[in-house]
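Number of protein chains: 2
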Amino acid sequence: MCGMARPRKPLLSRERIVTTALALVDAEGLAALSTRRLAAELGVSGPSLYNHFTTKDGILDAVADTVIAEVDVSALATGTDWRTGLLAWARSYRAALAAHPHIVPFLAQGPGRRPAGLKMADAAFGGMVAAGWPPAQATRICAMVRYFVAGSALGSFARGFVDDPSAYDPADYPRLGQAHLLAEHQQRVDEGAFETGLLALVDGLALRHPESGPAPHR
Amino acid sequence: MCGMARPRKPLLSRERIVTTALALVDAEGLAALSTRRLAAELGVSGPSLYNHFTTKDGILDAVADTVIAEVDVSALATGTDWRTGLLAWARSYRAALAAHPHIVPFLAQGPGRRPAGLKMADAAFGGMVAAGWPPAQATRICAMVRYFVAGSALGSFARGFVDDPSAYDPADYPRLGQAHLLAEHQQRVDEGAFETGLLALVDGLALRHPESGPAPHR
DNA sequence: ACCTGAACACCGTTCAAGT
DNA sequence: ACCTGAACACCGTTCAAGT
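Chains as they are written, first to last, in the working numbering: chain A, 117 to 334; chain B, 117 to 334.
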């Protein structure tokens with residue numbers, strides 16, 4: 117009768133859909149994102165979404181690009197030392213993904229044609245080449261940073277272990293006696309592993325830089 | 117009638133279900149694994165699966181443990197040099213996951229109570245501690261290897277870029293001019309990045325070992 | 001242009017019924 | 001014990017109908 121069918125002002129926009137979808141995925145996981153549930157959250161009926169996106173995957177694509185757009189690539193600009201740039205980029209990259217762990221599997225399928233993903237790849241690859249890395253090596257560096265960041269954001273290492281001592285019978289797993297304690301130190305363990313690994317990776321790479329001296333041990 | 121209801125010999129077994137599920141996931145992805153589809157592949161009706169697993173997630177759990185069981189941890193045994201052990205473990209770990217990329221997101225949720233996952237964690241942690249690493253550092257090493265391996269198996273870096281030059285407009289992405297070529301060198305790029313990253317990581321770690329001299333530049 | 005409800009071919013899971 | 005079909009509450013997506 118009155119508020120039905122088409123209102124004078126659109127109820128939806130791509131932006132509102134993406135924002136709500138990201139909030140839903142963050143709060144309840146990828147499985148909770150159904151078109152019907154998302155539509156309900158937006159106060160419309162399910163099929164309405166198809167006026168703004170051709171497919172549910174299209175929505176996820178836009179969500180993924182929003183997340184990548186949060187990554188700060190400014191430190192990769194020409195002129196900065198490559199180690200400093202790489203460290204800052206990787207930390208920002210991880211922070212962005214760790215804030216939205218549930219879309220990481222989707223995100224890790226690569227930039228494809230998503231603008232924020234391509235902008236990041238352009239900045240990272242360009243930054244490494246400008247710092248003197250041969251293109252093939254610059255590509256590998258971008259790839260290994262993606263591996264490390266995506267892997268660390270995909271799921272907590274520490275929370276992978278159950279918070280229950282009886283799960284780790286010393287007869288079966290003699291060296292996992294403390295494993296049940298990992299869960300409660302989740303953040304410390306995961307961030308420590310990422311940070312230690314990142315610094316080790318950069319030191320190891322420094323040994324391979326065309327104009328390298330010895331790596332700094334800090 | 118004749119072949120209906122319960123046959124004298126069970127039609128299904130946990131093992132047959134897991135094997136078929138893994139084959140289906142490998143061939144068509146996680147989304148193709150529905151209980152109805154899996155049951156059809158096994159020649160039974162959907163609900164039959166619930167006589168052997170309490171839930172679809174339980175099936176995936178068993179599939180994940182099967183994949184981890186393929187990882188060779190023998191090089192982590194006490195007595196081997198920790199670098200050699202770590203490299204061999206990480207390579208075997210990556211090979212196992214890369215053979216079944218579609219279950220990596222599920223796998224990366226950690227070992228939980230899965231026996232093969234726990235056996236691997238026990239061997240890796242124990243191996244690093246036996247090699248002189250303090251327990252906290254050994255934990256971090258296990259975590260960072262998981263990050264790197266899972267991230268690299270989760271999705272190809274190279275195939276993340278579309279095989280279409282027009283996707284990467286030089287005006288928008290000035291340094292991605294060759295990006296469309298990545299797809300065709302997918303395996304070389306991804307394996308090169310993993311191998312380079314792994315060696316860099318180990319060299320970087322060697323600088324931090326309690327009894328370390330300088331890292332070898334291989 | 002942008003929303004609606006109805007409809008289609010799917011899901012995971014439960015359950016009573018068969019042997 | 002182990003399989004079946006029917007049923008329940010869901011899915012993603014299409015489409016004709018409304019304004």
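Cβ atoms here follow ideal geometry from the backbone N, Cα and C, with glycine treated the same way.
- Judged by DSSP in its simplified three-state form, F273(A) adopts coil rather than helix or strand.
- Secondary structure of G159(A) (DSSP, three-state): coil.
- Sixteen is the threshold: since fewer than 16 other Cβ atoms of the shown chains lie within 10 Å of the Cβ of D197(B), the residue is exposed.
- Across the structure, H216(B) and L127(B) are spaced so that their CA atoms are roughly 26 Å apart.
- At a C-beta separation below 8 Å, Y284(A) has these neighbours in chain B: L234.
- Cβ contact annotation for F241(A) (same chain, cutoff 6 Å, sequence separation greater than five): A254 and C258, in chain order.
- At a cut-off of 7 Å between beta carbons, F264(A) contacts chain B.
- Taking a cut-off of 8 Å for Cβ pairs, the stretch 242 to 252 of chain A and the stretch 197 to 213 of chain B do not touch, as fewer than three such pairs fall below it.
- Under the DSSP assignment, R130(A) falls in the alpha helix (DSSP H) whose first and last residues are R130 to E144.
- With distances taken between CA atoms, S272(A) lies nearest to E300(A) out of P281(A), E300(A) and P290(A).
- Residue state for G242(B) is assigned as helix, using DSSP reduced to three classes.
- Taking the beta carbon of G174(A) as reference, no residue of chain B falls within 7 Å; the closest one sits roughly 16 Å away.
- A direct Cα-to-Cα measurement between Q225(A) and F310(B) gives close to 17 Å.
- G267(B) and V265(A) do touch by the CB rule: their CB atoms are close to 7 Å apart, below 8 Å.
- Nearest CB-CB separation between V278(B) and chain A: below the 7 Å threshold.
- Cβ atoms of V189(A) and A212(A) stay farther apart than 8 Å, at about 11 Å.
- The C-alpha of R152(B) lies about 46 Å from the C-alpha of A252(A).
- Fewer than three beta-carbon pairs drawn from the stretch 293 to 307 of chain A and the stretch 307 to 327 of chain B are found closer than 8 Å, and the two stretches are therefore not classed as touching.
- Closest in alpha carbon position to S129(A), among L323(A), L158(A), M236(A) and L146(A), is L158(A).
- Residues of the stretch 306 to 332 of chain A with a C-beta atom less than 8 Å from some C-beta of chain B are D306, G308, A309, F310, T312, G313, L315, A316, L317, V318, D319, G320, L321, L323, R324, P330 and A331, listed in chain order.
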